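For reference, each letter of the sequence shown is one residue, going 4 to 163 in this note's numbering. What follows is a set of notes on a single structure, which appears directly below.
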Amino acid sequence: RMAIRKIRTMGDRILNKVCRPVEEMTPKIQELVEDMLETMYDAYGVGLAAPQVGMLKRIVVIDIGDENGPYVLINPVIIETAGEQRGYEGCLSVPGMAGQVTRPNYVKVKAMDEDMNEVIYEGTELLARAFCHEIDHLDGKMYTDLVEGELHRTSYDEEE
Ligand code: ZN
């Protein structure tokens, strides 16, 4: 039984806290992972980190629509980066906004999967960007601190 959890938005101080590692997979953690996937899909996001649903645990889910996703990363660590990409980034915790951020164009990540087996993932372009963005959340970092220039509004609904 999956459930959609409330997404915390910027200004909620939980988003600036450092998350704790997951020591073992438990039914509660399994349920959290499933809820995170459900919550991400419901919000049309490509990634979600546990603090965004109020849980200070080092868990990330990503689905950029490629054949290998969704990615479930427990205790992820970036172990290699290369190159550079500049592009627009948004965040489910900063609804309706986007800004330009420079990230590595290639990222290699070490993590545990849902069975707590070690996995290595490599990503370029959007996947590399998603790895960086989501793993930053686990250390309380928001992309808005990295934006070059101004944050832009992506929807004008409230003004119409
Ligand atoms: Zn985010």
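Here a beta-carbon is modelled for each residue, glycine too, at the ideal position from N, C-alpha and C. The structure presented is a predicted model; accordingly, all values stated were derived computationally and were not measured.
Local Cβ density within 10 Å of P54, reported as buried at 16 or more and exposed below that: Start at 1 with the first residue of the sequence shown, and residue 54 comes out as number 51. A residue is called buried when at least 16 other Cβ atoms come within 10 angstroms of its Cβ; P54 meets this threshold and is buried.
CB-CB length for P79 against R106, believed under 8 Å: Here residue 79 refers to the residue found at position 76 when the sequence shown is read from its first residue. Here residue 106 refers to the residue found at position 103 when the sequence shown is read from its first residue. Contact between P79 and R106 fails: their C-beta atoms lie close to 15 Å from each other, not under 8 Å.
Check whether L18 and L51 have beta carbons under 8 Å apart: Here residue 18 refers to the residue found at position 15 of the sequence shown. Here residue 51 refers to the residue found at position 48 of the sequence shown. Not closer than 8 Å, so no.
Nonlocal neighbours in the same chain, by C-beta distance under 6 Å from L154, ignoring five residues either side: Translated into the one-based positions of the sequence shown, residue 154 becomes position 151. Excluding sequence neighbours, L154 sits near M100, G102.
In DSSP terms, what M145 is bridged to: In the sequence shown, residue 145 corresponds to position 142, counting from 1. Answer is none; M145 lacks a bridge partner.
Any non-hydrogen atom of the ligand ZN within 7 Å of Y146 CB: Along the sequence shown, read from residue 1 onward, the residue named residue 146 stands at position 143. Yes, the beta carbon of Y146 sits closer than 7 Å to at least one heavy atom of the ligand ZN.
Through-space distance from E87 to L149, alpha-carbon basis: As a position in the sequence shown, residue 149 is number 146, starting the count at 1. As a position in the sequence shown, residue 87 is number 84, starting the count at 1. Going from the Cα of L149 to the Cα of E87 covers about 14 Å.
I82 (DSSP reduced to helix, strand or coil): As a working mapping, residue 82 is identified with position 79 in the sequence shown. Three-state result, I82: strand.
Delimiting residues of the beta strand (DSSP E) encompassing V97: Here residue 97 refers to the residue found at position 94 when the sequence shown is read from its first residue. Premise fails: V97 is in no beta strand (DSSP E) and is neither H nor E.
Alpha-carbon spacing of Y124 relative to V63, whole angstroms: Indexing the sequence shown from 1 puts residue 124 at position 121. Indexing the sequence shown from 1 puts residue 63 at position 60. Distance between the alpha carbons of Y124 and V63: 13 Å.
As assigned by DSSP and simplified to three states, the class of E151: Position 148 of the sequence shown holds residue 151. DSSP places E151 in strand when its eight states are reduced to three.
Residues that M115 bridges to, as DSSP identifies them: What you label residue 115 is simply residue 112 of the sequence shown in a count that begins at 1. Within the DSSP bridge table, the entry for M115 names I77, E121 as partners.
Residue range of the beta strand (DSSP E) that includes L51: For the purposes of this step, residue 51 is taken as the residue at position 48 of the sequence shown. Run containing L51: 50 to 52, per the beta strand (DSSP E) assignment.
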